[in-house]
Amino acid sequence: MTRKTRAIAGAGALTVAGALILSGCGGSGFDDSSGDTQGGLTSSDDALDILIGSSGEAETKAVEDAVAAWSADSGVEAKVSVANDLAQQLSQGFAAGSPPDLFYLSTDAIAGYAGNGSLVAYGDELANKDDFYPSLVENFTVDGDFYCAPKDFSTLALIINTDLWEAAGLTEADVPTTWDELAAVSKTLTTDGRVGLAFGAEYQRVGTFMAQAGGGMVVDGQAAANSPENVEALEYVKSHLEDGTFAYAADVGAGWGGEAFGKQLAAMVIEGNWIGGAMSADYPDVNYLVAELPAGPAGQGTLQFTNCWGMAADSPNQQAALDLVEYLTSTEQQLAFSEAFGPMPSITSAADAWTQANPDLAAFLTGADYAQFPPNQEGASDVVSDFNAQLESLKTGDPQQILDSVQANLEAVVG
Amino acid sequence: MTLQVRTPRRGASSGIRRGEGVAGWIFTAPVILILGVFLFIPVLMALWVSFSDWSGRGSPLSPSVGFVGLDNYAAVTTGGGLAERNFGIALRNNAWYVLLVVPLQTALALFLAVLVSRAILRGRGFFRTAFYFPSVTSSVAITVLWLFLFSTTGVINEVLSWVGIAGPNWFNEPEGIIHAALASVGITSGPEALTSSGFLGISWWEWLAGPSFAMSAFILMAIFTTSGTMMLLFIAALQNVGAELGEAAMMDGANGWQRFWRITLPQLRPTLFTVLTLGLIGCWQVFDQIYTGTQGGPGKTTLTPAFLSYQSAFNGQEWGQGSAIAFILFVIIIVFTIFQRWVLRERPVSKRRARQYQVKGQQP
Numbered sequence: 001m002t003r004k005t006r007a008i009a010g011a012g013a014l015t016v017a018g019a020l021i022l023s024g025c026g027g028s029g030f031d032d033s034s035g036d037t038q039g040g041l042t043s044s045d046d047a048l049d050i051l052i053g054s055s056g057e058a059e060t061k062a063v064e065d066a067v068a069a070w071s072a073d074s075g076v077e078a079k080v081s082v083a084n085d086l087a088q089q090l091s092q093g094f095a096a097g098s099p100p101d102l103f104y105l106s107t108d109a110i111a112g113y114a115g116n117g118s119l120v121a122y123g124d125e126l127a128n129k130d131d132f133y134p135s136l137v138e139n140f141t142v143d144g145d146f147y148c149a150p151k152d153f154s155t156l157a158l159i160i161n162t163d164l165w166e167a168a169g170l171t172e173a174d175v176p177t178t179w180d181e182l183a184a185v186s187k188t189l190t191t192d193g194r195v196g197l198a199f200g201a202e203y204q205r206v207g208t209f210m211a212q213a214g215g216g217m218v219v220d221g222q223a224a225a226n227s228p229e230n231v232e233a234l235e236y237v238k239s240h241l242e243d244g245t246f247a248y249a250a251d252v253g254a255g256w257g258g259e260a261f262g263k264q265l266a267a268m269v270i271e272g273n274w275i276g277g278a279m280s281a282d283y284p285d286v287n288y289l290v291a292e293l294p295a296g297p298a299g300q301g302t303l304q305f306t307n308c309w310g311m312a313a314d315s316p317n318q319q320a321a322l323d324l325v326e327y328l329t330s331t332e333q334q335l336a337f338s339e340a341f342g343p344m345p346s347i348t349s350a351a352d353a354w355t356q357a358n359p360d361l362a363a364f365l366t367g368a369d370y371a372q373f374p375p376n377q378e379g380a381s382d383v384v385s386d387f388n389a390q391l392e393s394l395k396t397g398d399p400q401q402i403l404d405s406v407q408a409n410l411e412a413v414v415g
Numbered sequence: 001m002t003l004q005v006r007t008p009r010r011g012a013s014s015g016i017r018r019g020e021g022v023a024g025w026i027f028t029a030p031v032i033l034i035l036g037v038f039l040f041i042p043v044l045m046a047l048w049v050s051f052s053d054w055s056g057r058g059s060p061l062s063p064s065v066g067f068v069g070l071d072n073y074a075a076v077t078t079g080g081g082l083a084e085r086n087f088g089i090a091l092r093n094n095a096w097y098v099l100l101v102v103p104l105q106t107a108l109a110l111f112l113a114v115l116v117s118r119a120i121l122r123g124r125g126f127f128r129t130a131f132y133f134p135s136v137t138s139s140v141a142i143t144v145l146w147l148f149l150f151s152t153t154g155v156i157n158e159v160l161s162w163v164g165i166a167g168p169n170w171f172n173e174p175e176g177i178i179h180a181a182l183a184s185v186g187i188t189s190g191p192e193a194l195t196s197s198g199f200l201g202i203s204w205w206e207w208l209a210g211p212s213f214a215m216s217a218f219i220l221m222a223i224f225t226t227s228g229t230m231m232l233l234f235i236a237a238l239q240n241v242g243a244e245l246g247e248a249a250m251m252d253g254a255n256g257w258q259r260f261w262r263i264t265l266p267q268l269r270p271t272l273f274t275v276l277t278l279g280l281i282g283c284w285q286v287f288d289q290i291y292t293g294t295q296g297g298p299g300k301t302t303l304t305p306a307f308l309s310y311q312s313a314f315n316g317q318e319w320g321q322g323s324a325i326a327f328i329l330f331v332i333i334i335v336f337t338i339f340q341r342w343v344l345r346e347r348p349v350s351k352r353r354a355r356q357y358q359v360k361g362q363q364p
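Keeping their order, the protein sequence lines are chains S and C. Numbering (UniProt numbering) for the first sequence: 1 to 415. Numbering (UniProt numbering) for the second sequence: 1 to 364.
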């Protein structure tokens, strides 16, 4: 053996040994967890690990308190951790075979994790299954399986700066209910250095116009990105980006719609429930009202955004996790969360109490009746981000051409 | 088997050197072990993942994971779908980044090094520290600083407005600077020859778009932050360049410019190679600025292969494709390094050049 071949052989032996060690580390999990299985869910005495992607201290504290209360009640230990990069930490957990038991799960991630078997579809086991809004249930249904309980949701609405509104001589009767009215008030509100309506350069805002025109990304399970309705919607947006009455938030120098609105660079924005927290924290002096988005040629339309309580297939104590989810999505608890950090309850039984507590925000909840959601198929988030990249140059682009390319990409993932 | 000749075994030493080999292995064992566990094995596992259909759950070495050959590589290079297009865009962006950052930072570093090496400069220590300072600052901190400086109403645009230039909306402007320049003289769409065909899912016209304004800001940042480090390497090399050759050249009547190009620079060749290699590797691996700054936006114009690799693995659950991108990137870096080594190789003096040095009348 020459020195070289010996070195190679040594390195090879090292590799094999190391690989065995590593695979040994990764192999533990579902197969050798010591739990009993009841009704398809595992059960054991193990403590629960809960991973959340928190919007801030208020949310962290609310979730921690709720989990602690449940823990004291049920006798099962539970620990809440806050992720700083949820997608990465979840992926690491799944790869290592030791994921958190419960975690926030977004609609764009669900199909990927469901596809590789990381999630357990526990939706049908929920006692309060029928209480959730049907569109939210649909949002978390992959290949016919209802995977996880929607934890709360938000919709988009039209946020109007009331001071600028009155200064422009507009009254409450002028709140736009059609595209033409929206264009008219935007024109009235546009002044030097301020646009009438601003929104982010992304499908997650522009998509509301597509919904109002009767279009959508996926209709009846088919990719429909380049439908005439969608083209009409983008033509409408493009024409007003061109005449300067609408603008993307970035083009007026703001990071997002809320910032454009708070800095009064725009008199109206299309934003969701989360704008309330930003306004009271950063721009308390700006007065505003929340109205439903105007109807397009095909009626009203908006988009909804939601997260669910994902449950790991590798969790040894799914029974307890299910119990915790039922607790966290109960009417009382959802109203408490809503009060603490703003989102809307995902269950119909809390709707009346929520509307009573937040009469000014009622438009958000009304939107649930006609809200669409971004496509949740595996790979769809890449399609949407490619769409967003193209939307940034909508002003100079061709709507038909943009939507044709989105359609080609979408067909590849919707199948 | 009678003709066996006993030859002394190579490496088996005798006498005073006996046992040194064992001691050597023992001394290097910790490093070999650490490198093996934290570098060599992960790299091999990633290589395996790039050839497998591992979906991100459980160990990639478990029996349920299948070998799919070059499928992942094919998906990002010839698939015709979004994966290929994204990879094309990422390569385009990074190629422009490399093309602009590497020469500019090397030139700037050399310029600064020559400047602070001059004996007559007062306060050399101060300047050296000042130029080096950006290199020791965390890239995340500098990225955040850059986001402020280049915001629409930021300092850069303010300064530009003093000289009558309406600054672009830097980090939100997806248009390439070459396209923007062409648009300013009225050319907004490319010739048929460039738009009809392309490579990796994007047309030649898009390849030639140039870095977007957002990417240009990152390019300036890279030049600003890394020139200091490279300058240090050049300073060290300049100190090893003896003054004699320069003096001799001066006697022969070479001016300062000639002395730099003909005497100093050739002696810096090994350092130049180091600086260019480090620059190339660093530029092809650009990740943290993108991750903290723009996440690939606006319009995917700051997407780089390194970030795309991360994104397709962790967000898209396409682990195989993510690893495949990483290994393609690895090959690109190796090829560039070899190419540049070849360009900067020591050449024998050409006959034409040799003739110039010969004293007249002595020609054979």
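Note that beta-carbon positions come from the ideal geometry of N, C-alpha and C, so glycine has one too.
Query - Boundaries of the alpha helix (DSSP H) in which D288 (chain C) is found, first to last residue - result: Here residue 288 (chain C) corresponds to residue number 288 of the second sequence, with the count starting at 1. Unbroken alpha helix (DSSP H) run through D288 (chain C): 288-293.
Query raised in the report: Is the Cβ-Cβ distance between G342 (chain S) and E292 (chain S) less than 8 Å?
Result: One-based indexing of the first sequence puts residue 342 (chain S) at position 342. One-based indexing of the first sequence puts residue 292 (chain S) at position 292. In this structure, E292 (chain S) does not lie closer than 8 Å to G342 (chain S) by Cβ.
Report task. Note down, in chain order, each residue of its chain lying with its Cβ closer than 8 Å to the Cβ of C283 (chain C), except the 5 sequence neighbours on either side. Result -> To locate residue 283 (chain C), count along the second sequence from 1; it is residue 283. Closer than 8 Å at Cβ, skipping near neighbours: N94, Y97, V98, V101, V102, A222.
Query raised in the report: Does the separation of the CB atoms of P211 (chain C) and G176 (chain C) fall below 8 Å?
Result: As a working mapping, residue 211 (chain C) is identified with position 211 in the second sequence. As a working mapping, residue 176 (chain C) is identified with position 176 in the second sequence. Yes. Within cutoff.
**Report entry** Residues that G97 (chain S) contacts on chain C, provided the C-beta gap is smaller than 9 Å
**Finding:** Here residue 97 (chain S) is taken as the residue at index 97 of the first sequence, counted from 1. By Cβ distance, chain C contributes R57, G58, S59.
Requested in this report: Could you confirm whether any beta carbon from chain C is found closer than 8 Å to the beta carbon of S34 (chain S)?
Outcome: The residue labelled residue 34 (chain S) in the question sits at position 34 within the first sequence. Because the pLDDT at S34 (chain S) is just 39, under 50, the model does not fix this residue reliably, and the value given afterwards should be weighed accordingly. No, no contact with chain C.
Query - With 16 other Cβ atoms within 10 Å as the buried cut-off, status of M215 (chain C) - result: Counting from one through the second sequence, the residue named residue 215 (chain C) turns up at place 215. Looking at its Cβ environment, which holds 16 or more other Cβ atoms inside 10 Å, M215 (chain C) is buried.
Report task. Answer yes or no: do S118 (chain S) and P99 (chain S) have a C-beta to C-beta separation smaller than 8 Å? Result -> Position 118 of the first sequence, counting from 1, holds the residue named residue 118 (chain S). Position 99 of the first sequence, counting from 1, holds the residue named residue 99 (chain S). Yes. Within cutoff.
Query raised in the report: If Q204 (chain S) sits next to L303 (chain S), beta carbons under 8 Å apart, how far is it from one beta carbon to the other, in whole angstroms?
Result: Taking the first sequence and counting its residues from 1, one reaches residue 204 (chain S) at position 204. Taking the first sequence and counting its residues from 1, one reaches residue 303 (chain S) at position 303. Indeed they touch by this definition, with Cβ atoms about 6 Å apart.
Report task. Spatial neighbours of F213 (chain C) within its chain, please: CB distance less than 6 Å, with the 5 preceding and 5 following residues excluded, ordered by chain position. Result -> Translated into the one-based positions of the second sequence, residue 213 (chain C) becomes position 213. So the qualifying residues of the chain are P168, W170, E173.
**Report entry** CB contact below 8 Å: N72 (chain C) versus chain S
**Finding:** As a working note, residue 72 (chain C) is residue 72 in the second sequence. Cβ-Cβ to chain S under 8 Å: no for N72 (chain C).
Query - Runs of alpha helix (DSSP H) wholly within the region 227-257 of chain S (minimum 4 residues, chain order) - result: 228-242
Query raised in the report: Leaving out five residues before and five after V231 (chain S) in sequence, what residues of the same chain have Cβ atoms less than 7 Å from its Cβ?
Result: What you label residue 231 (chain S) is simply residue 231 of the first sequence in a count that begins at 1. Excluding positions up to five away in sequence, the list reads P399, Q400, L403.
Query - Rounded C-alpha distance that separates R262 (chain C) from Q105 (chain C) - result: Translated into positions along the second sequence, residue 262 (chain C) becomes position 262. Translated into positions along the second sequence, residue 105 (chain C) becomes position 105. Cα to Cα, the separation comes out at about 21 Å.
Query - Check: G24 (chain C) C-beta below 7 Å from any heavy atom of the ligand GDP - result: As far as ligands go, the structure on display features none, and thus does not contain the ligand GDP.
Query raised in the report: Between the region 74-94 of chain S and the region 344-352 of chain S, do three or more beta carbon pairs fall short of 8 Å?
Result: no
Report task. Inspect the beta-carbon positions of F103 (chain S) and I52 (chain S) and report whether they are closer than 8 Å. Result -> As a first step, residue 103 (chain S) is located in the first sequence; it is residue number 103 there, counting from the start. As a first step, residue 52 (chain S) is located in the first sequence; it is residue number 52 there, counting from the start. Yes, the Cβ-Cβ distance between F103 (chain S) and I52 (chain S) is below 8 Å.
Query raised in the report: Helix, strand or coil: which one does DSSP assign to D360 (chain S)?
Result: Along the first sequence, read from residue 1 onward, the residue named residue 360 (chain S) stands at position 360. Here D360 (chain S) sits in helix by DSSP.
Query raised in the report: Are the beta-carbon atoms belonging to Q318 (chain S) and S43 (chain S) less than 8 Å from one another?
Result: Numbered from its first residue, the first sequence carries residue 318 (chain S) at position 318. Numbered from its first residue, the first sequence carries residue 43 (chain S) at position 43. Yes, the Cβ-Cβ distance between Q318 (chain S) and S43 (chain S) is below 8 Å.
Query raised in the report: With DSSP run on the structure shown, which of helix, strand or coil describes S203 (chain C)?
Result: Counting from one through the second sequence, the residue named residue 203 (chain C) turns up at place 203. Correct three-state label for S203 (chain C): strand.
Query raised in the report: Interface residues of chain C around F246 (chain S) at Cβ under 8 Å?
Result: On the first sequence, residue 246 (chain S) is found 246 positions in, with the first residue counted as 1. For a Cβ distance threshold of 8 Å, nothing in chain C lies close to F246 (chain S): the least Cβ distance comes to about 16 Å.
Query raised in the report: Just reading off the alpha helix (DSSP H) that M45 (chain C) is part of, what are its end residues?
Result: Against the second sequence, residue 45 (chain C) aligns to sequence position 45. Taken as a continuous stretch (DSSP letters only), the alpha helix (DSSP H) holding M45 (chain C) covers 41-50.
Requested in this report: Given a cut-off of 8 Å, decide if S323 (chain C) and S50 (chain C) are closer than it, judged by their beta-carbon atoms.
Outcome: Residue mapping note: residue 50 (chain C) aligns to position 50 of the second sequence, counting from 1. Residue mapping note: residue 323 (chain C) aligns to position 323 of the second sequence, counting from 1. Yes, these two residues count as a Cβ contact at 8 Å.
Query raised in the report: Are any of the Cβ atoms in chain S nearer than 8 Å to that of F314 (chain C)?
Result: To locate residue 314 (chain C), count along the second sequence from 1; it is residue 314. Using a Cβ-Cβ cut-off of 8 Å, F314 (chain C) counts as an interface residue toward chain S, since at least one Cβ of chain S sits closer than that to its own.
Query raised in the report: For K65 (chain S) and chain C, any beta-carbon pair shorter than 8 Å?
Result: In the first sequence, the residue the question calls residue 65 (chain S) occupies position 65. Rather than Lys, the amino acid found at residue 65 (chain S) in this sequence is Asp. Judged by the 8 Å Cβ criterion, D65 (chain S) is not in contact with chain C.
Report task. List the residues that DSSP assigns as beta-bridge partners of Y327 (chain S). Result -> Taking the first residue of the first sequence as position 1, residue 327 (chain S) is located at position 327. The partner list for Y327 (chain S) (beta bridge, DSSP) is empty, contrary to what the question assumes.
Requested in this report: Drop a sphere of 10 angstroms on the beta-carbon of M311 (chain S), count the other beta-carbons inside from all chains shown, and report buried for 16 or more, exposed for fewer.
Outcome: To locate residue 311 (chain S), count along the first sequence from 1; it is residue 311. With 16 or more Cβ atoms within 10 Å of its Cβ, M311 (chain S) is classed as buried.
Query raised in the report: Going by the beta-carbon positions, is the gap between V206 (chain S) and G196 (chain S) smaller than 8 Å?
Result: Against the first sequence, residue 206 (chain S) aligns to sequence position 206. Against the first sequence, residue 196 (chain S) aligns to sequence position 196. Cβ distance not < 8 Å, so V206 (chain S) and G196 (chain S) don't count as in contact.
Report task. Please report the residue range of the beta strand (DSSP E) in which K151 (chain S) lies. Result -> Indexing the first sequence from 1 puts residue 151 (chain S) at position 151. In the DSSP assignment, K151 (chain S) falls within the unbroken beta strand (DSSP E) covering 149-161.
Query - Candidates C:I178, C:S52, C:G81, C:D71, of which the one nearest E411 (chain S) by Cα - result: Here residue 411 (chain S) refers to the residue found at position 411 when the first sequence is read from its first residue. Among C:I178, C:S52, C:G81, C:D71, the Cα nearest to that of E411 (chain S) belongs to C:G81.
Report task. Anything in chain C within Cβ reach of G115 (chain S), meaning under 8 Å, just list it in chain order. Result -> Position 115 of the first sequence holds residue 115 (chain S). Neighbourhood of G115 (chain S) in chain C, by CB distance below 8 Å: S55, Q317, in chain order.
Query raised in the report: For V67 (chain S) versus V82 (chain S), is the C-beta spacing smaller than 8 Å?
Result: As a first step, residue 67 (chain S) is located in the first sequence; it is residue number 67 there, counting from the start. As a first step, residue 82 (chain S) is located in the first sequence; it is residue number 82 there, counting from the start. The answer is no: Cβ separation not under 8 Å.
Requested in this report: Could you tell me whether the region 274-290 of chain C touches the region 301-308 of chain C, using the rule of 3 or more Cβ pairs below 8 Å?
Outcome: yes
Query raised in the report: Would a check of beta-carbon distances place T37 (chain S) closer than 8 Å to chain C?
Result: Here residue 37 (chain S) corresponds to residue number 37 of the first sequence, with the count starting at 1. Because the pLDDT at T37 (chain S) is just 48, under 50, the model does not fix this residue reliably, and the value given afterwards should be weighed accordingly. For T37 (chain S), no CB of chain C lies under 8 Å from its own CB, so it is not counted at the interface with that chain.
Report task. Name, please, each residue of chain S whose Cβ falls closer than 8 Å to the Cβ of N93 (chain C). Result -> For the purposes of this step, residue 93 (chain C) is identified with residue 93 of the second sequence, where counting begins at 1. None at all; the shortest Cβ gap to chain S is about 12 Å.
Query raised in the report: List, in order along the chain, the chain C residues whose C-beta lies closer than 7 Å to that of D143 (chain S)?
Result: Position 143 of the first sequence, counted from the first residue, corresponds to residue 143 (chain S). What D143 (chain S) touches in chain C, judged by beta-carbon distance under 7 Å, is nothing: the nearest beta carbon there is about 15 Å away.
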